[in-house]
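Some notes on the structure that comes next.
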Amino acid sequence: MKRACGVLLPMTSIPSNYGIGCFSKEAYQWIDQLKEAGQSYWQILPLTPTGYGDSPYQSFSSFAGNPYFIDLEELISEGLLTKKECDAVDFGNNPSYIDYEKMSESRLKVLKIAFQRDEYEQKEEYLSFLKENQNWLHDYAMYMAIKKRFDNACWMEWAEDIRKRWDYSMDYYNRECKEEISFYKYIQYLFDRQWKKLKTYANENGIEIIGDIPIYVSIDSADAWANPKLFQLDGNYMPKAVAGCPPDAFSDDGQLWGNPLYDWGFHKNTGYDWWVKRVEHCFKLYDVVRIDHFRGFDEYYSIPYGDTTAKNGHWEKGPGMELFVALRERLGEKQIIAEDLGYMTPSVKELLKESGFPGMKVLAFAFDPSGKSDYLPHNYDRNSVVYTGTHDNETLVQWTEEMDKESKNFAETYLNNKTVYAKDKYWDYIRLAMMSCANTCIIPAQDLLGLGKEARINFPSTLGNNWKWRISDKMLNKDVMEKIYGLAKISDRLSYQCQHKEWLKKQKVLEQEKQKKDK
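As numbered in my numbering, residues 13 to 531 make up the sequence shown, in order.
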C-alpha cells in the first residue's frame, strides 16, 4: 500500500436522519471532508446484516448487505416513500447512539412499503442484479423468510425437513414464502444500488474504501444453512466444535465466540472455491480488505461444542499459504491487510511474511515499560498499517487517562513530552503514528476528536452496549480538519489530489515571484 493516511469510522456512526448512519447525504459530505483533509482512505466495519448482539461480526450472511444502511431519504425523493411515513416511525430519539431494538422493529416495515410500491421486476437493473448475485442471493432471502416463519430462530432449531433442505420442503417454503423472499431480494438490490453510488463518489474524489472480512461466519446464517459441508458439523448438522481464543492474562476462561469452524479439508478439495467467491464479492464492495483474525489461517482454536468456556480448547492447523495462493491464482493481486494482533507464533509471522500482506501496528499496545513491544514505531516495517487504536479498543483519550503509572512514564519519555495537559495528549500519539515509517496510517474518528469512553465502539466479550456510538455533524469542524491536513502534509501522507493542489499553489507563488523580479 502507498504512503497515505485515512480515518476509521463505521457506517453506523455517520450522522443522518432515522436512527442510524446510512448511505445518505451525510455520508457524501463525510467523503468531502476526508478529501479536504488530505486523506486517502475511509475504513469501515463489515457492511453485512447484524445478528447476535448487533455485531457486524455475527451476521446472517457473509454476502448480503445491511438493510439499515439503505437511505430512506433517497427512497422519498424517488416517490417510493413519503416523509410523513418515515417521520411517523420511532427509530430512537438519541442522535449519539443507535437503538437497535427500535431499528429492528421499524426499518424493515418502512422498506416493505417501498417494496410494495416499486415496479422493480420491470427494471433491467434489478434483473442484472439477480443474475450477478445468483450464487448467494436466493439462499439468503429464503433463509431470512423462513427464519421469520420460525419466530426468528436459528436454522438449527427449525423442523428437520427444512433444516436439512429436503427437496419437498424447499419447494414448499419457496411457494409459501414467495413474497417475503422477493422482499429480501429487493432490499439487497436497494443496498447494492445505493452503496455502489456512494463508493463511486468516494473513488472519484480520491478516497479508497477499506472494508473488513471476518474470518468466521455466524452459525445463525444463510452460509451455514445452505453450505453445511463447508463446516465441522455432524450428521445431524450440529457443530462438532466452535471458535474462540484460549485463556490469557485478560480472561481466565478465554473467549467463546461460538462460530462454526471450517472443514478445511473440504475447502481444499474444492480449490477453496467458497473462499474465492467470498473474497471476490468483498472486492466488489471495497478497494482494500482487512482480513480479521489472520492467525486463524495458520492455526485455529477449537472448542468442544456445548462447553461454556474456552478452557478445554486446543489448536488445529489451518490452510496456511495454500488458501492465499488459490486466491491469488483466481483473483490476481489484491490489496489486503492482515489483522495480526495478539500473540504471534513464529509460524504466523512466517505466513504473514510469505503472504506479503501488511500487518497491523496499534499504538495502544506499544508502551510496555520494558520497551520491547513490537508496536513501538521504531520497530515498524514499512509494509504495515499503523493505528492509534481499533474498534475493539478504548479511545485514545480513555487509554491515556487510564494508563498505569509505569506505562505512562515510559510513554512520556518515549514522546519526550511531559508537559502537555492530558486532554491534549492524544495529539502527540496521533502525530507519532503519522510520522512513523509505516506506509499506511489509520486513525479512528473518535481519536481525532479527542473523545472519551462514551465514544467507544465495542467492548469485546460483552453484550448490550456495543456498535452504538454515532458522530455529530458538528464534531468535525474546520479546525479539526485543518489540523489533520497539516499532519498529513508534514508526514508526507497527503492524498495525490492534495499533493497536486499543493504543487499548483507552489507554482503560482513561484510565478508571482518571477513576475515581481521581472518588473
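Glycine residues also receive a C-beta, built at the ideal position from the N, C-alpha and C atoms. Since this is a predicted model, take the numbers as computed values, not measurements.
Item, Value
"Residue from 250, 45, 282 and 98 with nearest C-alpha to residue 167", "250"
"Selection from 400, 378, 524 and 447 that minimises the alpha carbon distance to residue 420", "378"
"Same chain, Cβ closer than 6 Å to residue 127, neighbours up to 5 away in sequence not counted", "195 and 198"
"Beta-carbon gap between residue 68 and residue 479 smaller than 9 Å", "yes"
"Unbroken beta strand (DSSP E) run spanning residue 316, endpoints", "311 to 316"
"Cβ-based neighbour list, residue 477, same chain, cut-off 8 Å, excluding 5 preceding and 5 following", "471"
"Burial state of residue 502, where buried means 16 or more other Cβ atoms lie within 10 Å", "exposed"
"Helix, strand or coil at residue 294 [DSSP, three-state]", "helix"
"Terminal residues of the alpha helix (DSSP H) in which residue 101 lies", "Careful: residue 101 lies outside any alpha helix (DSSP H) and carries neither H nor E."
"Whole-angstrom C-beta distance between residue 347 and residue 13, which should lie under 8 Å", "6 Å"
"Range of the contiguous beta strand (DSSP E) that encloses residue 224", "220 to 225"
"Own chain partners of residue 227 with C-beta closer than 6 Å, once the 5 adjacent residues on each side are dropped", "304, 305 and 308"
"Nearest candidate by alpha-carbon position, reference residue 161, set 140, 179, 138 and 192", "192"
"Endpoints, the beta strand (DSSP E) within which residue 326 is located", "326 to 329"
"Sufficient close CB pairs (3 or more, under 8 Å) joining the stretch 16 to 25 to the stretch 42 to 57", "yes"
"DSSP-derived helix/strand/coil call for residue 109", "strand"
"Three-way DSSP call (helix, strand, coil) for residue 452 in this model", "strand"
"Bridge partner(s) assigned by DSSP for residue 15", "Partner(s): none; residue 15 has no beta bridge."
"Simplified DSSP assignment, three categories, for residue 62", "strand"
"Segment contact flag, the stretch 437 to 454 with the stretch 29 to 37, C-beta cutoff 8 Å, min 3 pairs", "no"
"Cβ-Cβ separation, residue 300 to residue 362 (assumed contact under 8 Å), whole Å", "Wrong, their Cβ atoms sit about 23 Å apart, outside the cutoff."
"Proximity to residue 231 [Cα-Cα], best of 223, 224 and 245", "245"
"Spatially closest choice to residue 368 from 140, 394 and 129, by CA coordinates", "394"
"Ordered list of beta strand (DSSP E) runs contained in the stretch 182 to 244, each at least 3 residues", "220 to 225"
"C-beta atoms of residue 268 and residue 322 nearer than 9 Å", "yes"
"Separation of residue 52 from residue 124, as counted between CA atoms", "37 Å"
"Cβ shell of residue 84 (< 7 Å), same chain only, five flanking positions each side left out", "30, 93, 98 and 122"
"Separation of residue 332 from residue 418, as counted between CA atoms", "39 Å"
"Contact test: residue 334 Cβ vs the ligand MG heavy atom, cutoff 8 Å", "Because no ligand of any kind appears in the structure shown, any question about the ligand MG cannot be addressed here."
"Spatial distance of residue 119 from residue 423 (CA atoms)", "46 Å"
"Three-state secondary structure (DSSP) of residue 126", "helix"
"contact_flag[the stretch 268 to 287, the stretch 107 to 118] where n(CB pairs < 8 Å) is 3 or more", "no"
"Contained alpha helix (DSSP H) runs [length at least 4] in the stretch 328 to 357, N- to C-terminal order", "333 to 343"
"Contact under 9 Å by Cβ, residue 408 with residue 400", "yes"
"Selected residue, minimal CA-CA separation from residue 464, among 412, 236, 254 and 450", "412"
"Distance, residue 15 Cα to residue 500 Cα", "10 Å"
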